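Structure, as structure tokens:
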Ligand code: 26V
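Residue numbers (this note's numbering): -13 to 786.
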């Protein structure tokens, strides 16, 4: 949009007066932020309104991304950037002696997601809008987002994330579009006199779902999509005096809290309620909209609507859509089923068995009696149809209802026309191993969509210095098409450019060093290698492998304090699920090792370990630009894709990687000479499984370096881990090291030595860094969502 500084200042000062009856000079940061947000809202609101009207009139097909998590982070700069008014507003504020950067920090992160899955959903929201694609979000407006992590005495403590205390300035509450979602009670079918059976209900619990619309502003275009988040409330006509307290609490609780665990399936009733709540509300809204705006019969809804099931959490979309089509719209089963399969599509984000959702049959039956009937009927009909075609073995292994449980991945695959994994390797594993029987039955449904990241947040906003350097070098076209970054390759032998690239990295490291000083009170050497591992804490991601390597370097120094070791700063950012005991022990161990090494005079500052508390999107925006090394060291086959690997690459870090997830595609993009690969391959891991002969204890016994390091966990060398140390020791030895940490250790050490050697040659390193940036184009989520649009959703860009 067009905006002059003068116009902005006028708008801003008027808003401040209207809102707070105060001049700028008397206003606090919070008041200034809220006023600025209101001004920005006044800029996008008309575009939003127009785009909504356009979508209704053009009758274009729209996609709805159903996700129980979104992780957008702060929205101020994103909105300014995408509206094309970042520079104007920054300068105007600066004329008023207000720093945009400081002001932006006032906004709490919108953290209604755990990690990779939620952040991917938000990158997709940004990309859909920026590509002008009509794609909307549907989720839950949790009152409390992902917990705030405090580190106290080295331990993770969890505090509530009360992000809505000052309101959410971007959202619009739409009570007039509230719908009801019902739970429990009894259901029975009666003939409606016209030959079909209609459900009748008794004693149901009613919950009001109120939508809050959040604008997803497209980058320098006129698209504003919608992310709808539902809040649970008590229906207005219920007389609260006659309701029991349990019900009142449960209802209010529904949208109260995000489940802070993305590592283990946990069959709690409230979680199932949340899943049904946003699924039912979202589908009801879509159908109401259809009735009102789309001039076509319901039997054609698949030509107007695509619903995406982001992991299995929204899998109830399948039976709920069936219910609405049959019970409310009067469709026959066969027709409803055909439409449902065409409308739905599903993404799998993990193949770890412990994360697979299976709900006990009786729980679903009690909570959602009608939906349960429909699930049984889907399963019954499919079994009957398929038996003669594929035989009992395949039918049984792919049943939705089995052993008293409802398999949500099975439901999602069977009830949709597309199932995709999130990186090539992961999609292959799904087809060849984990869901192989489904692939045999429905081969045409399976496909890959390699993840991507929104470069606007992960480069333009978080790394303005690098962005400016790129602009000066190759122009601004990359801001609309990340593939343009390949043009940077022309500068790989340009010493001027290389030294500017180094200067940018240095400046980003200095900026992070200041944050570290302020938050951790640790001084770090900005000449050192900044070695970064940022992601949720999980055994399969192997933060421990990183830790063992650090201990090795430490012992090298202890053995010979004059040893020539290149200085390194190891930076960790990671939350553990509150109930994941082992992950929390690893956090404690990292912090105690940090204390030990950071304060050892022999080390003399050559090694520094920094565990940054409360890793979240806004902290990532500081850490990632400053990274030299990106740690992507999961056991091959376990990390579906990873996305921090892409963010770090885009910011010029070199990847230390196993051949897992999207790391493989990063390697293919940058070439073997610009990445550090180590460790077992997926096939080697599977061979171990097949033979069953992995013996971690043997490695512990026979490898003296590892022997010494592991002993340090239980002999007091690492202080203050009397419980955690032996626990970690036992997991790696007695319990046979589930993720082959010891097996990959030597090769990891070898690859880390290569890192050090290359870093000593600053020119060679910088060239490799450049190769990473220049080849990051295909990891843009703009590419990813375009593939979803073309291959799965069949939606087309606005005004195209
Ligand atoms: C799983 C579970 C398990 C049941 C309990 C609650 C819960 C909540 C969230 C999840 C999601 C775990 C899956 C996940 O986040 N996968 C990550 O998805 C990223 C985006 O595709 C991908 O890059 C990561 O490799 C993958 O671990």
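By construction, the Cβ of each residue, glycine as well, lies at the ideal position given by its N, Cα and C atoms. Computed from a predicted structure; not experimentally measured.
CA-to-CA distance, residue j to residue i, given in whole angstroms
i, j, result
"residue 543", "residue 743", "17 Å"
"residue 763", "residue 464", "9 Å"
"residue 740", "residue 753", "15 Å"
"residue 347", "residue 362", "10 Å"
"residue 809", "residue 747", "With the chain represented from -13 up to 786, any question about residue 809 goes unanswered, as that position is not in the structure."
"residue 574", "residue 562", "11 Å"
"residue -3", "residue 75", "11 Å"
"residue 29", "residue 2", "16 Å"
"residue 131", "residue 221", "24 Å"
"residue 565", "residue 315", "43 Å"
"residue 492", "residue 97", "30 Å"
"residue 682", "residue 721", "8 Å"
"residue 474", "residue 458", "11 Å"
"residue 108", "residue 775", "16 Å"
"residue 594", "residue 568", "24 Å"
"residue 552", "residue 514", "7 Å"
"residue 691", "residue 92", "47 Å"
"residue 255", "residue 23", "38 Å"
"residue 9", "residue 57", "35 Å"
"residue 769", "residue 438", "7 Å"
Contact test: residue i Cβ vs the ligand 26V heavy atom, cutoff 7 Å
i, result
"residue 771", "no"
"residue 113", "no"
"residue 343", "yes"
"residue 331", "no"
"residue 130", "no"
"residue 625", "yes"
"residue 335", "yes"
"residue 297", "yes"
"residue 638", "no"
"residue 414", "no"
"residue 377", "no"
"residue 102", "yes"
"residue 247", "yes"
"residue 629", "yes"
"residue 645", "no"
"residue 251", "yes"
"residue 350", "no"
"residue 761", "no"
"residue 106", "yes"
"residue 265", "no"
"residue 437", "yes"
"residue 408", "yes"
8 Å CB neighbourhood of residue i in its chain, flanking five on each side removed
i, result
"residue 340", "249, 250, 251"
"residue 198", "127, 154, 157, 158, 159, 160, 214, 215, 216, 217"
CB-CB length for residue i against residue j, believed under 8 Å
i, j, result
"residue 572", "residue 529", "6 Å"
"residue 26", "residue 66", "7 Å"
"residue 266", "residue 207", "That belief does not hold up - the Cβ atoms of residue 266 and residue 207 are roughly 33 Å apart, past 8 Å."
"residue 636", "residue 441", "6 Å"
"residue 103", "residue 166", "With 8 Å as the limit, residue 103 and residue 166 do not qualify as a contact, their Cβ atoms being about 28 Å apart."
"residue 350", "residue 392", "6 Å"
Same chain, Cβ closer than 7 Å to residue i, neighbours up to 5 away in sequence not counted
i, result
"residue 446", "67, 453, 465"
"residue 390", "346, 347"
Contacts around residue i, its chain only, beta-carbon distance under 6 Å, and the 5 residues preceding and following it disregarded
i, result
"residue 478", "753, 756"
"residue 713", "571"
"residue 168", "190, 192"
"residue 186", "174, 176"
"residue 766", "438, 441, 468"
Stretch pair the segment 423 to 434 + the segment 724 to 736: three plus CB contacts closer than 8 Å: No, they do not touch.
Three or more C-beta pairs closer than 8 Å, one from the segment 659 to 676 and one from the segment 633 to 649: is that the case here? yes
Quick test of the definition: if touching needs 3 or more C-beta pairs under 8 Å, does the segment 186 to 194 touch the segment 147 to 154? no
Count the CB pairs spanning the segment 85 to 93 and the segment 45 to 65 that are closer than 8 Å, and state whether there are at least three. yes
Spell out a yes or no on whether the segment 294 to 308 and the segment 391 to 408 are touching, meaning 3 or more CB-CB pairs, one atom from each, closer than 8 Å. Between the segment 294 to 308 and the segment 391 to 408, the count of C-beta pairs closer than 8 Å reaches three or more; the two stretches touch.
Could you tell me whether the segment 344 to 359 touches the segment 159 to 173, where touching means 3 or more Cβ pairs closer than 8 Å? With a cut-off of 8 Å, the segment 159 to 173 and the segment 344 to 359 count as touching, because enough Cβ pairs lie within range.
Between the segment 297 to 308 and the segment 320 to 336, are three or more C-beta pairs nearer than 8 Å? yes
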